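Input: a single structure, listed below in structure tokens.
There are 2 protein chains.
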Amino acid sequence: MKVIFLGTAASKPTKDRGLSSIAIQYKSDVVLFDCGENAQRQMISLIKPSKISSIFLTHFHGDHILGIPGLLMTMSLNERKDPLSIYGPEKTVYFIKNLLRGGYFGISFDVHIKELKDKDVVDFEDFYIQAFETKHGIPSLGYIFKEKDRRGSFIENKAKELGIKGKMFSELERKGEIIINGKKIKLEDVTGPKKIGRSIVYTGDTLPLDIPFRGCDLLIHDGTFLTDEDRNGTFHSTVKEACEAALRIEAKKLVLTHISQRYTSDEIQKEALKYFENAIVAEDFTVIEL
Amino acid sequence: MKVIFLGTAASKPTKDRGLSSIAIQYKSDVVLFDCGENAQRQMISLIKPSKISSIFLTHFHGDHILGIPGLLMTMSLNERKDPLSIYGPEKTVYFIKNLLRGGYFGISFDVHIKELKDKDVVDFEDFYIQAFETKHGIPSLGYIFKEKDRRGSFIENKAKELGIKGKMFSELERKGEIIINGKKIKLEDVTGPKKIGRSIVYTGDTLPLDIPFRGCDLLIHDGTFLTDEDRNGTFHSTVKEACEAALRIEAKKLVLTHISQRYTSDEIQKEALKYFENAIVAEDFTVIEL
């Protein structure tokens, strides 16, 4: 499982940073979080557009969404037939439909657009994605990417002792329990500890807020500004606030993104390490393996 | 006067080529021709967005227009107040309005959108831009950028001989003629040969066509394909056809752009030189001084 930062700038692109987009690659599936202008070019030789099954949008400022029509046009030129799902906050249907009426794009596949609210969950086979409301002055969402927990491995000796063999394993797996010689055996009795699925929280652009998830492996947080003075009333977080959020929800790792062009990465990194030791600054093409 | 190629790819961006956009910088004014996705980033440190007075669009395929909303958002973040004009073929108003309804962009200035037809002329102070219909299967235009011709310099001896002095020069300039001692003197009588303005023709994407301008300093022509087989029924030109167009209209120089990613620049260059010696292949950030 890989997290690939395709764009890490705030509001405007710079020479070094493209506009917001993050890909999570899980097995052969790719889910895109935000799709700023030029995302399709940033992903060249990293991600095949055909692998992207869905796009989750945090909000409709241009720097988070303007890569969508171009990406869909390229998918069509590649003769994609698989449907694509686009999720986002209130007004997502209206905005996406307008964007796709902005030219002759000849989209060759179905686009399913769905608006999400706080706590809504989108289920995938091996993981789910849950939305939570953020604070950005317009309808906006953050997302929890959670790999589903899986049962522990079979403890073979114990299973054998209780008389489980052959097809009984799959029956036990399916039903959760099995009766052997009149005795009920539960799946938990013969398997080790549950394997906790990996988890990523992405805030998108936001003021600090209560993130409804604890202990994630990775928190990707708005780290636009160094000071409240620079924030100047906008709906973004300071690096310190992002670190405080990581501490509060006991995140194992923090990646700061959406970096204002007024700072160098070093300045952001130095500030972050004052508060949270496992923090790094996202650069375009940073890859985090989980 | 400079022509700056901001994007030279066909349809999809590649590692080396961004999407179609060409800037003509004339004195302190910049006119953009097409504005593909990521144009705003391609122009960093080359062109200040505030200098762009107008954008001329050849047609509404995504690779020629999807940089517009992001560029306008960035202009707004830069607190632009000057109006911006956008020109293009039939349906330009509909498409641009939809694009600008695709998110919360907060445009801070007036956007004047105008649809042009074959032969329409947009007048600027020192130059004009004339549209001509092209052949791309959808409404599409090419553009002639023509610096206005200027009168020749005063031939001082001749003017003095005829008694012209002081404020008479500006009167003659203003009226085109002046009467001295009962004798009519025309401006042409005392000035050298007319200074012919520089001229650029940009076809946008098109099949070969009759370009309604002869002797331009620079022809920028669709050179997407090497063979008719590769063209495969699409509305583009081969390199050979572009060269034939340059010969036909007696262009002084030819720049091929909108290069299919299946070819190297060397292949295109070699093919072009078979037919027209003053041909070059555009790369991103190629600058032509005229």
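Residue numbers (my numbering), protein chains in the order written: chain A, 1 to 290; chain B, 291 to 580.
The beta-carbon is built from N, C-alpha and C at its ideal position, and this holds for glycine as well.
Keep in mind that this is a model prediction, so the values were computed, not measured.
- In terms of beta-carbon proximity, A:Q261 stays away from the interface with chain B, with every pair separated by 8 Å or more.
- For the set A:T134, A:E161, A:K114 and A:E188, the Cα lying nearest the Cα of A:L207 is the one of A:T134.
- Put simply, the CB of B:P379 is far from chain A, with every gap to its CB atoms at 8 Å or more.
- The C-alpha of B:G487 is placed about 30 Å away from the C-alpha of B:E451.
- Here the alpha carbon of A:L72 sits roughly 16 Å from the alpha carbon of A:T92.
- Within the DSSP bridge table, the entry for B:A313 names B:I294 and B:L322 as partners.
- Around the beta carbon of B:I469, fewer than 16 other beta carbons lie within 10 angstroms, which makes this residue exposed.
- Taken through DSSP and simplified to helix, strand or coil, A:H64 comes out as helix.
- Taking the beta carbon of B:S301 as reference, the chain A residues within 7 Å of it are L77, listed in sequence order.
- Not flagged as an interface residue toward chain A: B:M333, since no C-beta distance is shorter than 8 Å.
- For the pair B:I428 and B:F346, the CB atoms are not nearer than the 8 Å cut-off.
- By the Cβ criterion, the segment 542 to 557 of chain B is not in contact with the segment 255 to 274 of chain A, since fewer than three pairs of Cβ atoms, one from each stretch, lie closer than 8 Å.
- A:Y87 is the residue among A:Y87, A:S45, A:S21 and A:N98 whose C-alpha sits nearest the C-alpha of A:V121.
- Runs of the alpha helix (DSSP H) spanning 4 or more residues and lying entirely within the segment 423 to 474 of chain B occur at 446 to 451 and 458 to 465, in chain order.
- Exclusion of the five residues before and after B:K542 leaves G505, C506, D507, L508 and N568 as the residues of its chain whose Cβ lies within less than 8 Å of its Cβ.
- Look at B:K305: its C-beta is under 8 Å from a C-beta on chain A.
- Under DSSP, B:V412 shares a beta bridge with B:I419.
- At a cut-off of 8 Å between C-beta atoms, B:F575 does not count as an interface residue with respect to chain A.
- For the set B:K387, B:P339 and B:E380, the Cα lying nearest the Cα of B:S366 is the one of B:P339.
- Around A:F95, the beta-carbon contacts reaching into chain B at under 9 Å are R391, G392, G393 and Y394.
- With 16 or more other CB atoms across the displayed protein chains lying within 10 angstroms of its CB, A:R41 is buried.
- B:A299 is bridged by DSSP to B:I549.
- Judged by their CB atoms, B:F422 and B:I490 are not nearer to each other than the 8 Å cut-off.
- For A:I65, the nearest beta carbon of chain B is closer than 8 Å to its own beta carbon.
- Look at A:F60: its C-beta is under 8 Å from a C-beta on chain B.
- Cβ-Cβ distances below 7 Å link A:T74 to Q40 and P49 in the same chain, with the five nearest sequence neighbours on each side left out; the list follows chain order.
- Looking from the CA of B:T481, the closest CA among B:A449, B:R552, B:G472 and B:Y553 belongs to B:A449.
- The three-state secondary structure of A:A279, taken from DSSP, is strand.
- Short of 8 Å from the beta carbon of A:F127, and not among the five residues preceding or following it, lie these beta carbons of its own chain, in chain order: Y26, F145, K146, E147, K148 and G197.
- Across the segment 514 to 541 of chain B, no CB contact with chain A closer than 7 Å is found for any residue.
- With respect to B:D574, B:T348 sits apart: the two C-beta atoms are not nearer than 8 Å.
- Annotation: Cβ neighbours of A:I138 in chain B (cutoff 7 Å, chain order): Y394.
- The beta carbon of A:G152 lies closer than 7 Å to those of T191, G192, P193, K194 and K195 in the same chain, with the five residues before and after it left out.
- Rounded to whole angstroms, the gap between the alpha carbons of A:S54 and A:I113 is 10 Å.
- Boundaries of the alpha helix (DSSP H) around A:F95: T92 to L100.
- A:P13 counts as buried, since at least 16 other C-beta atoms from the protein chains shown sit within 10 angstroms of its C-beta.
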